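Here is the structure we will look at.
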Amino acid sequence: MSASQAVAASPSFIGSFVSGARCVICGRRFDAAYLDKACVCPGHGDEGILDIEYDYQAASARFPAPDQPGLWRYRALLPLPWTAPVPPLLTGMTPLYEAPALARAMNCAKVFVKDDTRQPTGSFKDRASCLAVALARAQGVPVVATASTGNAAAALAGMAAAMRQTCVIFVPASAPAPKVAQLLAYGAYVFLVRGSYDQAFELCMEACRRKGWYNRNTAYNPCMAEGKKSAAFEIAEGMDWHTPDAVFVGTGDGCILAGLHKGFSDLVRLGRATRIPRLYGVQAAGSDFLCQAWEEGRRTAHAVLAKTPIAARTAADSICAGLPRDRVKAMRAVCESRGRFVRVSDTEILAAVPVLARACGVFAEPAGAAALAGFVNAARQGLIAPADTVCLVVTGSGLKDPDAVTAALSSSETSTMGGTVSVDPDPAALDDALSRLCLEGKHPSFSSL
Ligand SMILES: *Cc1c(COP(=O)(O)O)cnc(C)c1O
Ligand SMILES: [Zn+2]
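In my numbering, the protein residues as written are 262 to 710.
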């Protein structure tokens with residue numbers, strides 16, 4: 262494809278309620294038309310990430326729009342024209358479960374579980390990717406591309422398949438094989454980058470620039486946080502337009518955290534909510550850039566940007582990021598909401614997988630269960646009050662990579678129930694085995710919490 266083919270067919274923000282965008286570093290304001298030409302503030306290279314602004318008064322009458330499927334019911338506050346085609350895969354409006362067993366075990370008022378394992382490609386990333394492919398179509402760009410630790414790639418590849426677009430993916434060669442298989446099934450062109458996610462990101466950025474591909478890269482593309490904010494709308498609407506006291510989510514690049522903050526802030530601006538929940542970004546101990554930055558007191562954009570990348574390594578592959586791309590917005594989200602960054606070990610994360618599955622039947626990948634691990638850790642630090650209502654955002658399905666949780670299943674808590682028994686194909690042998698198991702009346706207990 263030549264670069265000229267990639268030129269925008271039409272201004273993609275006309276017909277939306279987008280009023281402009283603001284640089285998160287210098288605060289410079291841009292009009293909506295600027296977003297069709299560029300993604301970032303020219304003053305700071307690719308770090309000059311923008312925050313999209315809306316005409317809230319005009320949008321309010323169409324928020325929500327119950328006739329629109331899935332998260333498109335919130336499209337008045339999404340950066341896409343009202344009539345632009347969207348992918349047919351039903352995205353968003355995932356279940357919000359109450360988990361009374363967890364609330365009891367954790368000694369707080371209520372616990373909700375936002376189940377984003379139920380997205381079309383199995384992760385929260387679909388909220389951003391459905392918008393990316395719709396924007397690419399609106400702009401007349403035939404090829405969409407992203408770097409990813411796996412899930413953003415699957416989301417883009419699935420959405421692109423549904424929109425009949427060409428999809429190019431850059432993942433670190435260490436990406437779990439089942440996640441790569443998902444990409445190939447959708448027909449994506451996959452580059453296995455011999456390097457880290459951070460290096461795959463740079464390679465993708467450079468390729469998009471030269472080839473004119475639609476760049477879905479997290480944070481750099483300010484529309485991705487906009488798609489992700491839909492989860493905040495759904496949580497609030499699911500609670501009859503109340504907001505939880507605290508929200509926990511596994512954090513790598515920080516774009517989900519930024520999106521949640523944007524969503525709850527939008528609701529306050531619209532007058533649909535009175536306060537923003539305390540936002541807790543949960544990081545793996547081996548990929549804790551934002552925890553470190555928090556502890557070092559780097560609260561301003563300039564201080565966060567001045568921190569050098571770390572070498573990241575964790576079993577929770579989806580939150581492995583040595584240089585969180587949305588670190589400025591993520592730090593702002595946590596500071597303005599009076600939340601925290603919480604550090605948890607891989608052991609705590611893996612142990613949370615079966616605990617969550619047994620508490621409410623939601624089977625998460627490690628990065629998804631990190632929300633629960635962070636909640637347990639924060640409660641132990643005294644950060645959760647008995648009157649608090651807590652929401653855990655479960656961002657990815659355990660079916661993505663079941664091998665990742667095998668290690669967790671040997672821990673002492675999980676051995677108290679369930680398990681495999683070898684048995685001959687004979688009813689008497691089965692009865693004999695059953696009598697030794699005494700499984701009746703056994704319910705999940707959460708003694709390890
Ligand atoms: C991407 C992802 C995260 C983290 O989101 P960031 O925006 O990178 O912080 C958490 N969990 C899962 C399953 C993910 O795919
Ligand atoms: Zn700027």
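Cβ atoms here follow ideal geometry from the backbone N, Cα and C, with glycine treated the same way.
If you're wondering where the values come from, they're calculated on a predicted model, not measured in any experiment.
With 16 other Cβ atoms within 10 Å as the buried cut-off, status of residue i
i           : result
residue 504 : buried
residue 557 : exposed
residue 637 : buried
residue 470 : exposed
residue 699 : exposed
residue 368 : exposed
residue 597 : exposed
residue 304 : exposed
residue 684 : exposed
residue 575 : buried
residue 695 : exposed
residue 570 : exposed
residue 268 : Bear in mind that a pLDDT of 42 at residue 268, under 50, signals an unreliable position, so the number given afterwards is only what the model happens to contain. So residue 268 counts as exposed.
residue 270 : Unreliable positioning characterises residue 270 in this predicted model, as indicated by a pLDDT of 48, which lies under 50. A coordinate reading is not provided.
residue 348 : buried
residue 687 : exposed
residue 691 : exposed
residue 344 : exposed
residue 467 : exposed
residue 306 : exposed
residue 640 : buried
residue 689 : exposed
residue 293 : buried
For residue j and residue i, believed in contact at Cβ under 8 angstroms, the rounded distance
i           : j           : result
residue 514 : residue 582 : 5 angstroms
residue 542 : residue 595 : 6 angstroms
residue 518 : residue 573 : Their Cβ separation, rounded to whole angstroms, is 17 angstroms, which puts residue 518 and residue 573 out of contact at 8 angstroms.
residue 578 : residue 410 : 6 angstroms
residue 370 : residue 362 : Contact flag wrong, Cβ pair sits at about 14 angstroms.
residue 520 : residue 486 : 4 angstroms
residue 393 : residue 475 : 7 angstroms
Contact set for residue i: own chain, Cβ-Cβ below 8 angstroms, skip 5 residues either direction
i           : result
residue 308 : 286, 301, 566 and 589
residue 283 : 289, 290, 291, 311, 312 and 314
residue 534 : 497, 502, 503, 504, 525 and 528
residue 342 : 273, 274, 275, 276, 277 and 399
residue 555 : 592, 595, 601 and 602
residue 295 : 281 and 282
residue 599 : 539
Contact under 8 angstroms by Cβ, residue i with residue j
i           : j           : result
residue 444 : residue 451 : yes
residue 584 : residue 459 : yes
residue 461 : residue 516 : no
residue 291 : residue 276 : no
residue 355 : residue 328 : no
residue 435 : residue 416 : no
residue 353 : residue 382 : no
residue 298 : residue 439 : no
residue 499 : residue 357 : yes
residue 507 : residue 539 : yes
residue 545 : residue 607 : yes
residue 317 : residue 530 : yes
residue 604 : residue 693 : no
residue 656 : residue 384 : yes
residue 441 : residue 404 : no
Beta-carbon proximity list for residue i, same chain, < 7 angstroms, skipping 5 on both sides
i           : result
residue 265 : Residue confidence for residue 265 is low, a pLDDT of 38 falling below 50, so the modelled location carries little weight and cannot support an answer.
residue 614 : 625, 627, 630, 659, 666 and 669
residue 346 : 395 and 398
residue 678 : 703 and 705
residue 465 : 406, 407, 408, 431 and 478
residue 422 : 447 and 448
Own chain, CB closer than 6 angstroms to residue i, minus 5 neighbours either side, in chain order
i           : result
residue 524 : 490, 493 and 494
residue 360 : 372, 374, 620 and 621
residue 433 : 454, 457, 458 and 461
residue 737 : Residue 737 is absent from the model: the chain starts at 262 and stops at 710.
residue 325 : 334 and 335
residue 697 : none
residue 425 : none
residue 413 : 386 and 407
residue 552 : 544, 602 and 604
residue 586 : 479, 480 and 514
residue 547 : 574 and 575
Are three or more beta carbon pairs between the region 632-644 and the region 652-662 nearer than 8 angstroms? yes
Contact between the region 324-339 and the region 489-497 is defined here as three or more beta-carbon pairs at a separation below 8 angstroms; is this criterion met? yes
Would the region 660-670 and the region 613-623 be scored as touching if the rule is three or more Cβ pairs under 8 angstroms? yes
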